[in-house]
Amino acid sequence: MPGPPIPIRPRRTPPPNLLDQLTRRVIGQAHAMAQIVPYVQMLRSGLAAEGRPVGVFLLLGPTGTGKTKTVEALADALHGSEKSVLKVDCGEFQMEHEVAKLIGAPPGYLGHRETQPLLTQQKLSAVTSEGSNLSLVLFDEIEKAAPSMSRLLLGVLDKAVLRLGDNTSVNFERSMIFLTSNLGAAAMRKELCPDFGFESLMESPAGASARGGLAKLASIGMGEVRRKFSPEFVNRIDAVITYQPLSAESLNEILDQQLALLEKHIRSRLEERAFSLKVSAGARGLLLKLGTSPEFGARELKRTILRKLTQPLAALVESGKVEPQSCVRVERGAGGQSLELIVEES
Ligand SMILES: Nc1ncnc2c1ncn2[C@@H]1O[C@H](COP(=O)(O)OP(=O)(O)O)[C@@H](O)[C@H]1O
Ligand SMILES: [Mg+2]
5 MPGPPIPIRP RRTPPPNLLD QLTRRVIGQA HAMAQIVPYV QMLRSGLAAE
55 GRPVGVFLLL GPTGTGKTKT VEALADALHG SEKSVLKVDC GEFQMEHEVA
105 KLIGAPPGYL GHRETQPLLT QQKLSAVTSE GSNLSLVLFD EIEKAAPSMS
155 RLLLGVLDKA VLRLGDNTSV NFERSMIFLT SNLGAAAMRK ELCPDFGFES
205 LMESPAGASA RGGLAKLASI GMGEVRRKFS PEFVNRIDAV ITYQPLSAES
255 LNEILDQQLA LLEKHIRSRL EERAFSLKVS AGARGLLLKL GTSPEFGARE
305 LKRTILRKLT QPLAALVESG KVEPQSCVRV ERGAGGQSLE LIVEES
C-alpha cells in the first residue's frame, strides 16, 4: 500500500551564487573572491559577530589587477549598482587636517558649521539597498593617507565605532571595510620576473609562475604592511588578500568582457541603428599591447578601447557610413599602431 503522500514543501529560490557572480566580473582572482564571500554569508545567515564590522580586508598587489573592481563588483551584486560604495580616496587625505575632515570639527571650533563629516551614519545607509543592508566602505590606496588615518581607523576596525567631531558616533556593524594598497607591488613584480620583460611574464602558461609564487608575493606584501602599519592595526584585519599580476589569458578575458560591454552599449544606445563588431586577432593584439602593462595592469584598457575603437566608430557612424544591421570589421591598420574599420553589408 502506498504510504501517505509526501508533502511538497515550497522551495525558496536560492540567492544567485555570489561567488560565481564575482568571479565572472573580476577575472583571474578567484582566490580573492573565495576569501571575501564567506563574510557576506556570515551576515546573511545571521551568524556575523557583533560589535565589529562584518569583515575587514586589506587588498594588496600590483596596480590595475582588480582590487577596486572587486568592491565595485560586490556592490553591483548586492545593491544593483557599482556605485553603492562609500569610498574614501586616501590620496585626498595626505595631510592631517584633511583626515580631520572625515569626522568633522568639534562644535565651537573654527569652521565647525562648514565641515560636515564625510563619514556619517546617513552616508553608510545611503549605500545600502532594498536587497541588502550591508554597506561597503572602501579606503582606496590607504598608503597615501596621513598617519592619523590609521589611528582613526583603529576604532572602526576593532569596535565598529567611529566617534565624530560633534561627539556622536557612527556604527559600522553592518559594514564591510576594504582597504586597498599597492604596498609591495614593485617588489612583487621583481620577484615574478627578475630578468625578463613583461612579455615573458604574460606568456607564462596562465600565470603558472604567479600562482606558485602567490604565497611568496603575499609575504612580500605583508612585510611592507608590517613596516608601514602598527601591529595593532594589522591584527584587526580579517584577511590580507594578495592580487596577482594578470596572465595573458586573464587579460584576453578582460578584453572580451570590455568588447562585449561596448557591443551592448551600441545595441542599447543606437537601437534600430545598431551594428555588430567583428574584432580580428590582430586588432585585439594591438588593444592589449597599448592598453595593458605590468605597471598598470588592465587599468588603461578601457581608455585605449575608447580612443582606438569607440571614437573612430562614432566618427564613422556620424558620417553616415554605417548602415543599420551591418557588421563593422576591426583590423589592425597598415602602420600597426591604429585600427582599421571596414563596414560589411550583412
Ligand atoms: N581582474 C580584473 N578583472 C576585470 N577587469 C579588471 C581586472 N583588473 C583590472 N581590470 C580593469 O582595469 C580597471 C582598473 O582596475 P582596478 O580594480 O581599479 O585596479 P586596482 O587593482 O589598481 O584597484 C577596472 O575598472 C577594469 O576595467
Ligand atoms: Mg584601485
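Counting in this note's numbering, the sequence shown tops out at residue 350, every number present.
Backbone N, C-alpha and C define an ideal beta-carbon position, used for all residues, glycine too.
Just so you know, these numbers come straight off a predicted model, no measurement behind them.
Inset, instruction - Going by CA-CA distance only, name the one from D24, T296 and M192 that's closest to A81. - result: Translated into the one-based positions of the sequence shown, residue 81 becomes position 77. Ranking the options by Cα distance to A81, first place goes to D24.
Legend entry - Buried or exposed by the 16-neighbour rule on C-beta atoms within 10 Å, applied to A38: On the sequence shown, residue 38 is found 34 positions in, with the first residue counted as 1. Flag for A38 reads exposed.
Inset, instruction - Assess, as a yes-or-no matter, whether the stretch 49 to 68 is touched by the stretch 227 to 245 under the definition of 3 or more beta carbon pairs within less than 8 Å. - result: yes
Inset, instruction - Pick out the complete beta strand (DSSP E) segments inside the stretch 16 to 71, 3 residues or longer, and give them in chain order. - result: 59 to 64
Legend entry - Opening and closing residue of the alpha helix (DSSP H) in which F237 lies: Position 233 of the sequence shown, counted from the first residue, corresponds to residue 237. Run containing F237: P235 to N239, per the alpha helix (DSSP H) assignment.
Legend entry - Q329 versus A278, R29 and A36, residue with shortest Cα-Cα distance: For the purposes of this step, residue 329 is taken as residue 325 along the sequence shown, with counting starting at 1. Of the candidates A278, R29 and A36, the one whose C-alpha sits nearest the C-alpha of Q329 is A278.
Legend entry - Closer than 7 Å: T184 CB and nearest ligand 2 heavy atom: Here residue 184 corresponds to residue number 180 of the sequence shown, with the count starting at 1. Yes - ligand 2 has a heavy atom lying nearer than 7 Å to the Cβ of T184.
Legend entry - Backbone CA spacing between A338 and R303 [nearest angstrom]: Your numbering for residue 338 matches position 334 in the sequence shown. Your numbering for residue 303 matches position 299 in the sequence shown. Each residue's Cα considered, the two are about 27 Å apart.
Inset, instruction - Identify, in the order they occur along the chain, each residue of the same chain with its Cβ nearer than 7 Å to the Cβ of T4, setting aside the five sequence neighbours on each side. - result: Given that the chain is displayed from residue 5 to residue 350, the structure contains no residue 4 and the question cannot be resolved.
Inset, instruction - Could you tell me the boundaries of the beta strand (DSSP E) in which S136 lies? - result: Here residue 136 is taken as the residue at index 132 of the sequence shown, counted from 1. Careful: S136 lies outside any beta strand (DSSP E) and carries neither H nor E.
Inset, instruction - Using the Cα positions of E86 and L305, report the straight-line distance between them to the nearest angstrom. - result: Position 82 of the sequence shown, counted from the first residue, corresponds to residue 86. Position 301 of the sequence shown, counted from the first residue, corresponds to residue 305. A straight-line Cα-Cα distance of about 19 Å links E86 and L305.
Legend entry - Inter-residue Cα distance where the pair is D93 and A104: In the sequence shown, the residue the question calls residue 93 occupies position 89. In the sequence shown, the residue the question calls residue 104 occupies position 100. D93 and A104: Cα-Cα distance of roughly 14 Å.
Inset, instruction - Check whether the Cβ atoms of T308 and L291 lie closer than 8 Å to each other. - result: Residue mapping note: residue 308 aligns to position 304 of the sequence shown, counting from 1. Residue mapping note: residue 291 aligns to position 287 of the sequence shown, counting from 1. Result yes, Cβ atoms of T308 and L291 sit closer than 8 Å.
Inset, instruction - Give the straight-line distance between the Cα atoms of I241 and L161, rounded to the nearest whole angstrom. - result: Position 237 of the sequence shown, counted from the first residue, corresponds to residue 241. Position 157 of the sequence shown, counted from the first residue, corresponds to residue 161. Between I241 and L161, the C-alpha separation is close to 7 Å.
Legend entry - DSSP-derived helix/strand/coil call for D144: Taking the first residue of the sequence shown as 1, we reach residue 144 at position 140. Strand, per DSSP.
Legend entry - Residue environment, Q416, which counts as buried when at least 16 other CB atoms sit within 10 Å: Summary: the structure shown does not reach residue 416, with the chain confined to residues 5 through 350, and so no result is reported for it.
Legend entry - Residue closest to L106, alpha-carbon to alpha-carbon, out of A190, L310 and R167: On the sequence shown, position 102 is the one that residue 106 refers to. Answer by Cα proximity: R167.
Legend entry - Separation of L78 from R336, as counted between CA atoms: The sequence position of residue 336 within the sequence shown is 332, counting from 1. The sequence position of residue 78 within the sequence shown is 74, counting from 1. Approximately 36 Å, taken between the alpha carbons.
Legend entry - T27 beta carbon near ligand 2 (any heavy atom closer than 7 Å): As a first step, residue 27 is located in the sequence shown; it is residue number 23 there, counting from the start. No, the Cβ of T27 stays beyond 7 Å of every heavy atom of ligand 2.
Inset, instruction - Would you kindly report the start and end of the unbroken beta strand (DSSP E) that includes V89? - result: Numbered from 1 along the sequence shown, position 85 holds the residue referred to as residue 89. Neither: V89 is in no beta strand (DSSP E) and is coded neither H nor E.
Legend entry - T308, DSSP secondary structure in three states: Here residue 308 is taken as the residue at index 304 of the sequence shown, counted from 1. Note: T308 maps to helix in three-state DSSP.
Inset, instruction - Consult DSSP for L78 and reduce its assignment to one of helix, strand or coil. - result: Taking the sequence shown and counting its residues from 1, one reaches residue 78 at position 74. DSSP places L78 in helix when its eight states are reduced to three.
Legend entry - Chain-order list of residues whose beta-carbon lies under 7 Å from that of P316 (same chain, five-residue window excluded): The sequence position of residue 316 within the sequence shown is 312, counting from 1. Cβ within range, chain order: L343 and L345.
Inset, instruction - Specify the secondary structure class of A243 as computed by DSSP and reduced to three states. - result: Here residue 243 is taken as the residue at index 239 of the sequence shown, counted from 1. Strand.
Legend entry - Per-residue burial, E282 [other beta carbons within 10 Å of its own, 16 or more giving buried]: What you label residue 282 is simply residue 278 of the sequence shown in a count that begins at 1. According to the sequence provided, residue 282 is Lys. The question's Glu does not apply to it. It is exposed - the Cβ of K282 has fewer than 16 other Cβ atoms within 10 Å.
Legend entry - Simplified DSSP state of L1, which is helix, strand or coil: The shown model of the chain, from 5 to 350, leaves out residue 1, and the question about it has no answer.
Inset, instruction - Taking only heavy atoms of ligand 1 into account, decide whether any of them is closer than 7 Å to the Cβ of T72. - result: Along the sequence shown, one-based indexing puts residue 72 at 68. Yes.
Inset, instruction - Using a Cβ cut-off of 8 Å (strictly closer), state whether A38 contacts chain D. - result: Reference to chain D is not applicable here, since this structure consists of a single protein chain.
Legend entry - Length of the line joining the Cα atoms of D170 and Q120: Reading the sequence shown from its first residue, position 166 is the one you call residue 170. Reading the sequence shown from its first residue, position 116 is the one you call residue 120. Going by the C-alpha atoms only, they are around 10 Å apart.
Inset, instruction - Pull up the DSSP beta-bridge partners for V332, would you. - result: The residue you call residue 332 lines up with position 328 of the sequence shown. DSSP lists L281 and V347 as partners of V332.
Legend entry - DSSP-derived helix/strand/coil call for M180: The count along the sequence shown starts at 1 and reaches residue 180 at position 176. It is a strand residue.
Inset, instruction - Compare the Cα-Cα distances from Q125 to each of F143, F176 and A109 and report the closest residue. - result: Here residue 125 refers to the residue found at position 121 when the sequence shown is read from its first residue. Comparing alpha carbon positions, the residue from F143, F176 and A109 closest to Q125 is F176.
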